[in-house]
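Residue numbers (the numbering used here), protein chains in the order written: chain A, 1 to 796; chain B, 1001 to 1339.
Beta carbons: idealized from backbone N, C-alpha and C, even for Gly.
Computed from a prediction, not measured in an experiment: that's the story for all the values here.
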């Protein structure tokens, strides 16, 4: 809420500097978004008198002026303006001066003639007609009166005001107005606060002869007050009103419209002015719109209405969107003669809902949404009439129609001072508590420590002692709170087992050289197309965001791979030659679509690697490390993910449950991401891994007896997976097996077509004796016979 | 004979001194001490001496032999040392050549900060819990004292997934789930991802991270809140950091405060980092609203509590002086490697 500091002084004594005022208001809960000193961008611009004007020899439009700028000697300034005369008083920007638009004026030559500054227009000083009459004429601003040459223009223009922009929190709608802020200032500074007392004279008559008002929905309109003013004298508003509403960011229009806006800004209560003669049947009906009805609002837009929306209708049709915007038809115009003035309270959720539906938000609807005080409706109406009377803007008809369904009783909170302060932990003297509450307009009487606090309807936000505690402390000062260390039993906080395990997996990945990445949880709706996933793939069951920031961020991801591919592409395109990345995040799996309940949020690990030293097997090594860390017994099977290279991908089962898929990315998919090298990705279901109960680690004695190494070289079918050979060796070696190592795979010259040569080293060891030659022979024979079952043939 | 011995000894010693390698020494040893060596020959002549001279001469020969053996041993050690020295010298390397890198990855900067924060609060007895990111309107708003169509909903633009389901706008929703599942005393933090419909720019991201803290017990006051936050601020920003409470409004706490810390860059004097204020806003906090306690079945007359929500991304960007929040989600390796 932007407020002119000069205007605030009408209600409250401000005995500190604007800066100090802002600091103290901040500490009382009113953040200051901006403080603007009027004219602070105008420097070295003075009032000056034109002594003499001579034409410029080399120009038919430039004129040379000798100026009295209060410096004794005249100063020569060249201007292109034609609206000046000798003897005029005008603003002169001297050598080394600044204008509000940031322009720096220095002495120079104009077509060979020395010019020691510039004469200014109203526009160049950022003035409007509201600031100074004649500010918007074409040409130099001609000053009124005879300001002493050399006087700073800020002084001449009366630019000594500060515009302070207070941020009003959602719980204090009562401070969305001049009076509310002024009241708070008076409490903070401990100075006097005065609200205007509405007084005016009517011209007699009886309102009932002029208008009939009916409220058909008191739930949506708890109070409606109507007044009639005849014989409008529409003209410009006086300066003080124009300045106050301009400072608040509104534009002056005419006295009647300005009064309704001013009263809204002053009291927080929106007003609406109808052209009385446009109200058909002179009937005001506050009712829900009928489905199919429409209204054209003053901005010229036609809106289709439904029965949830409240309208102010006349005898025939909607005349105003209640609390939001008036109708074009009944708008006040310069020739309007009679006025119907509305002051009302509408239910805030209904206004909000209608505003959202129609896409309109106005100064008025904003205030209604945040809530207006039902008791203030009358004060505001009276205040508007007072201004109409004082500004002689029309003849006020006697009587008000005030429709309501009963006004609320003042609420009473009974509480002890100890109870209030128990939330704070600071000792505030009882008298202080009572005086603060009273000064805030919460009349409080004490009986020892028992307080009876009366809460007027304007402080709807105050419900119980917690609210009173806040009121006391924000005035008493939060800096009285002294921090206390944690008390209670000495305990160290616990982490969830899932977090502990995930952290361990991350530690492992980091030690394997991988960098953690962070990507958004939502992806483009077409991201899965880039993975070439089948239409029926269950990952396509994705949750859509109803109001996304754009399609790119519209869909909750059911996999992390597309995000990883994007990151890999970013890095590859930036010529980074190699990388290992991982991300541990969630995939969102709906239980049904469209969703009606919370989806499963499953922890997922994604890994992506590329670079000259990376291949399928380096990724396999990382995955094996993760699996081992989690205590998983793993099996690898060929998989058929469409986004992976058909011959270079695998499904990993952990304890027989599918837990991961990894492999080289299919070139078509890579190309779609703009990736021009081989990249490898893995998607691991952490939910599966985190559920594995790792066996407790128990010490095994170190071997006492030597191991024996035997090599086995064999020929087998080229497409026989070596995993089958390993399995055969493991089976054949039985409990004596210590370790197997594949040390050679070869096909080519000397190897028959369709065959390959494979060689293993096998270490055998017994825990309780040195193996005898005979034992070794037996085991070797068993290994060989198992190998032969796979079709392999031992090479001699 | 004595002269002969003397001559042999002198000759041997000078020959040894001149010897340049091990084989030469070995030759000398054979020449003098071998079975057919010169000293051995002298010893063999002992028979021709008188019984009186024999022991005297024998001792002399033995002395000479021992001396020579010692010299040979010394010479050998000496030569070995020299050889080692030469070898080592020849093996000198350029220590400024690049290291053989041990490749180690690292956490994302956000998680460095999260882990630090978890450590701090864990040591103060806070359990670390998690909550769902897709929340119901009930947990994200209703239970937090923000009924439907309440103006406070405007404070946070929400992504909706269904009429009643949304992406949580704050980790505060986890407060409620915790209070429903635990009995006081409660002391938990919940770090996690939150979402708001903010257009992406240098300081806004639709995805960001918060750490929510909640304490509920008998007799909890704002002084306890300040104590915990001071401890936190001291560990994150340094032990001379001051903490300031400023009145504010959140629907789920009452009283509510914005919490500022003295600017660690200028110590509170005012600088570019704190925009001249001397203070930097780091979090929002307050005493848990009685309505919130009540909605979780906790009697506000018996228990009180405080809650706070810290913006993790903000702490991260200020700690590392990251000027654009988008860098956190771009994942350029050269950026990530800096942490």
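Contact check for residue 682 (chain A) and residue 662 (chain A): beta-carbon distance about 3 Å, within the 8 Å limit, so the pair qualifies. Under DSSP, residue 646 (chain A) takes part in no beta bridge, so it has no partner. Of the candidates A:224, A:583, A:245, A:45, A:245 places its Cα closest to the Cα of residue 2 (chain A). Within the stretch 585-651 of chain A, the complete alpha helix (DSSP H) segments at least 4 residues long are 616-629, listed from N- to C-terminus. Nearest to residue 1101 (chain B) by C-alpha distance, out of A:763, A:725, A:641, A:513, is A:513. Here residue 1276 (chain B) is exposed. Its C-beta has fewer than 16 other C-beta atoms within 10 Å. Within chain A, no C-beta atom comes nearer than 9 Å to that of residue 1234 (chain B); the closest sits roughly 10 Å away. Rounded to whole angstroms, the gap between the alpha carbons of residue 1078 (chain B) and residue 1099 (chain B) is 35 Å.
Residue contact check for residue 1222 (chain B) against chain A: a CB pair falls below 8 Å. Here residue 599 (chain A) is not near residue 612 (chain A), since their CB atoms are 8 Å or more apart. Annotated as proximal: residue 471 (chain A) and residue 436 (chain A), with beta-carbon spacing under 8 Å. Assignment of residue 61 (chain A) by DSSP, reduced to helix, strand and coil, places it in the coil class. Under DSSP, residue 1187 (chain B) shares a beta bridge with B:1215. Ranked by Cα distance from residue 628 (chain A), the options A:501, A:725, A:555 are led by A:501.
Between residue 1215 (chain B) and residue 1187 (chain B), the C-beta spacing is below 8 Å.
Note that the C-beta distance between residue 1328 (chain B) and residue 1191 (chain B) is not below 8 Å.
By the 16-neighbour rule on beta-carbons within 10 angstroms, residue 746 (chain A) is exposed. Annotation for residue 180 (chain A): no beta strand (DSSP E) segment contains it, though the alpha helix (DSSP H) segment containing it runs 178-189. The C-beta of residue 479 (chain A) has fewer than 16 other C-beta atoms within 10 Å across all chains shown, which makes the residue exposed. The beta carbon of residue 1021 (chain B) lies closer than 7 Å to those of 1079 in the same chain, with the five residues before and after it left out. Apart from the 5 residues on each side of it in sequence, residue 298 (chain A) sits with its Cβ closer than 8 Å to the Cβ of 325, 326, 327, 328, 331 in its chain, given in chain order. Residue 649 (chain A) sits buried, since 16 or more C-beta atoms from the chains shown fall within 10 Å of its C-beta. In this model, residue 1060 (chain B) and residue 1046 (chain B) are separated by some 11 Å (Cα to Cα).
In this structure, residue 229 (chain A) and residue 388 (chain A) form a Cβ contact; the two beta carbons are roughly 6 Å apart against a cut-off of 8 Å. Where residue 1287 (chain B) is concerned, the enclosing beta strand (DSSP E) starts and stops at 1279-1288. Shown here, residue 275 (chain A) sits in a strand according to DSSP, grouped into three states. Contacts with chain A (Cβ-Cβ distance below 9 Å) from the stretch 1033-1045 of chain B involve no residue at all. If you draw a straight line from the Cα of residue 1065 (chain B) to the Cα of residue 1082 (chain B), it comes to about 25 Å. Of A:481, A:689, A:87, the smallest CA-CA separation from residue 66 (chain A) is found for A:87.
Residue 1279 (chain B) sits buried, since 16 or more C-beta atoms from the chains shown fall within 10 Å of its C-beta. When only Cα atoms are considered, residue 553 (chain A) and residue 1158 (chain B) end up about 14 Å apart.
For residue 368 (chain A), same chain residues with a beta-carbon under 7 Å away, outside a window of 5 residues either side, are 270, 323, 346, 348, 351 in chain order.
For the stretch 488-552 of chain A, there is no continuous beta strand (DSSP E) assignment of 3+ residues that stays within its boundaries. Residue 647 (chain A) counts as exposed, since fewer than 16 other C-beta atoms from the protein chains shown sit within 10 angstroms of its C-beta. Excluding sequence positions up to five before and after residue 1242 (chain B), its CB lies within less than 6 Å of the CB of 1262, all in the same chain and listed in chain order. Residue environment for residue 4 (chain A): buried (at least 16 other C-beta atoms within 10 angstroms of its C-beta).
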